[in-house]
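Novice: Its first residue numbered 3, the sequence shown is counted upward by one per residue in the numbering used here.
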Amino acid sequence: MRIVLAGTGSAVGKTTISTGIMKALSREQKVQPFKVGPDYIDPTYHTLATGNVSRNLDSFFMNDGQIREAFERGLGISNSRMGVIEGVRGLYEGISPTGDVGNTASIAKALNAPVILILNSRSLVKSAAAIVIGFKTLDPTIKIEGVILNLVKNRKHYLKTKEAVEKLADTPVIGGIPRDDAISVEQRHLGLVPAVERENIKRNIEDWGRVMEENIDLDALITIMKGAGSLPEGREPLFQAKNTRKVKMGIARDEVFTFYYQDNLEALEANQAELVYFSPLHDEELPDVDGIYIGGGYPEVFARELEANHSMRSSVKKFHQEERPIYAECGGLMYLTRSINQHSMCGVFGYNSSMTKKPQALSYVIARASRDNIIIPEGETFHGHEFHYSKLELEGQQPEFAFDILRGRGVVDSRDGMMSKNTLASYVHTHVAACSTFASRLVRAAAGDY
């Protein structure tokens, strides 16, 4: 069973409604959550709602066979029969104004999954039907089999809009969510605030689940899911599993550093890495590991606390000076600089980083390795994404760069992947499906074979 919960656009309530539906369904059976696109934050809500780690499905990172592999693999690992997929932006928004790469529709097609369309019904009645008709006729191969009306004013408004959509757009309306500020979600500059940072989020998710139970016909939703039929044939591996030598890989994970794809972590494990989690915020020093992976997050929010942990910063710099491998993405890159907003960091790279009011980059990325490095050989290309408000102040001697950015921005002048000794740090977040050598090479580097 599977369903795609898609929106007519951003900010129509997808995450609140999707997370609430996941919570409501998981009261009776196991639910495996998924998120379309490269987002790290929405999945933290899904994970809390279901008890199963949410996974990303992205047609810029994956081909159709890999999308099906990621979906079925996720269901298998969590032993779930039900896959609930939250879309990204509007159903048809991707990297091209006319194509499907990177959009929610591409995932629905790859999985032959029915779609529930979520729309903001504020001040709409008959026009809601026009919107649904437009979404259905733009691509008739997309199976829009139900509608959820969000932000309905009252019962009368809901019934009138439901009648319009069902009679004029020939599509069942399976629910209407009333306007309620209590079920809104706090925002930050990179999107929603990660669920791990909000002590009250579990209670909020319980409330969202209750609201969905009261206002959505879940039996109708399950019937639509059951009618999805078989997945299309053809699956392709997400990652390589080549290594036989065991290593210990330190993973920075706490309130600060939370941006990791589950597939990346599992790919490291499949390549014989034992994952050892540590906190740059709370731990005194690095654990006994052979390599370090520092993902993205919000080091700028915790800059004062990170600065206060002198022993950990010294431990990371010593690890670098010993030429042991460190791989860092975005927030991890910032942590390795000399400072963030004048708060001292690890100083692996002798440049300062600072926050700006406007996004410095928001894009899918295509990068080519201009030199051999710990995740990809020279000359090969990979896909990723970048989204940050920070910038590096590259005064003095320029760093060595490992990547030429063919699509996107990078650190400076379409270059990224700062290198020093055996450390690689980049603004680019990548996924193992889009960089097939990522896990195998990083583990090889930790084993001393790079």
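Backbone N, C-alpha and C fix where the C-beta goes; we use that ideal spot for every residue, glycine too.
Can you tell me where the beta strand (DSSP E) with Y329 in it begins and where it stops?
Specialist: Here the beta strand (DSSP E) through Y329 covers I328 to E331.
Novice: With the cut-off set at 7 Å, would you say S442 and Q274 are in Cβ contact?
Specialist: Taking 7 Å as the Cβ cut-off, S442 and Q274 do not qualify as a contacting pair.
Novice: Give the straight-line distance between the Cα atoms of V318 and G293, rounded to the nearest whole angstrom.
Specialist: One C-alpha to the other measures close to 11 Å.
Novice: Buried or exposed: E325, going by 16 or more other Cβ atoms within 10 Å of its Cβ?
Specialist: The residue in question, E325, is exposed, as its Cβ has fewer than 16 Cβ neighbours within 10 Å.
Novice: Got a sec, what are the start and stop residues for the alpha helix (DSSP H) Q264 sits in?
Specialist: Per DSSP, Q264 belongs to the alpha helix (DSSP H) from Q264 to A272.
Novice: Considering only residues of the same chain and omitting the five flanking positions on each side of Y262, which have a CB-CB separation below 6 Å?
Specialist: Closer than 6 Å at the Cβ level, and outside the excluded window around Y262, lie G297.
Novice: L50 and I253 - do their beta-carbons sit closer together than 7 Å?
Specialist: Not in contact: I253 and L50 (Cβ atoms no closer than 7 Å).
Novice: Along the chain, where does the beta strand (DSSP E) containing F440 start, and where does it finish?
Specialist: Counting along the chain, F440 falls outside any beta strand (DSSP E), though it belongs to the alpha helix (DSSP H) covering F440 to A448.
Novice: Near R83, what residues of its chain come up, given a Cβ to Cβ distance below 8 Å and the 5 sequence neighbours on each side ignored?
Specialist: Cβ within range, chain order: M3, Q31, K32 and L77.
Novice: Taking buried to mean at least 16 other C-beta atoms within 10 Å of its own C-beta, is R306 buried or exposed?
Specialist: So R306 counts as exposed.
Novice: May I ask which residues mark the beginning and end of the beta strand (DSSP E) holding L394?
Specialist: Its beta strand (DSSP E) spans residues S392 to E395.
Novice: Is there contact here, the segment 395–407 with the segment 364–371, by at least three beta-carbon pairs under 8 Å?
Specialist: The segment 395–407 is in contact with the segment 364–371.
Novice: If we call anything under 7 Å between Cβ atoms a contact, is I378 one with Y452?
Specialist: It is not a contact, given that the beta carbons lie outside the stated cut-off.
Novice: Hey, how far is the Cα of E199 from the Cα of E302?
Specialist: A caution first: E199 carries a pLDDT of 47, below 50, which makes its placement in the model unreliable, though a value can still be read off. Going by the C-alpha atoms only, they are around 14 Å apart.
Novice: Does the ligand FMN have even one heavy atom less than 6 Å from the beta-carbon of D172?
Specialist: As far as ligands go, the structure on display features none, and thus does not contain the ligand FMN.
Novice: Tell me the rounded alpha-carbon separation between F63 and H433.
Specialist: One C-alpha to the other measures close to 7 Å.
Novice: Can you name the residues that DSSP bridges to I407?
Specialist: For I407, which the question treats as bridged, DSSP gives the partners A369.
Novice: When the Cα atoms are used, what is the spatial distance from M421 to A448?
Specialist: Each residue's Cα considered, the two are about 16 Å apart.
Novice: Which of helix, strand or coil does DSSP assign to M456?
Specialist: With the chain represented from 3 up to 452, any question about residue 456 goes unanswered, as that position is not in the structure.
Novice: Roughly how many angstroms separate the alpha carbons of G92 and F351, rounded to a whole number?
Specialist: Looking at the two C-alpha atoms, the distance is approximately 39 Å.
Novice: From the DSSP secondary-structure annotation, give me the bridge partner or partners of Y279.
Specialist: According to DSSP, which records beta bridges pairwise, Y279 is partnered with I253.
Novice: By how many angstroms is the C-alpha of R247 removed from the C-alpha of E382?
Specialist: Answer to the nearest angstrom: the Cα atoms are 25 Å apart.
Novice: From the DSSP output, in three-state form, read off M84 for me.
Specialist: In the structure shown, M84 sits in a strand (DSSP, three-state: E or B).
Novice: May I ask you to report which of helix, strand or coil DSSP gives K37?
Specialist: It is a strand residue.
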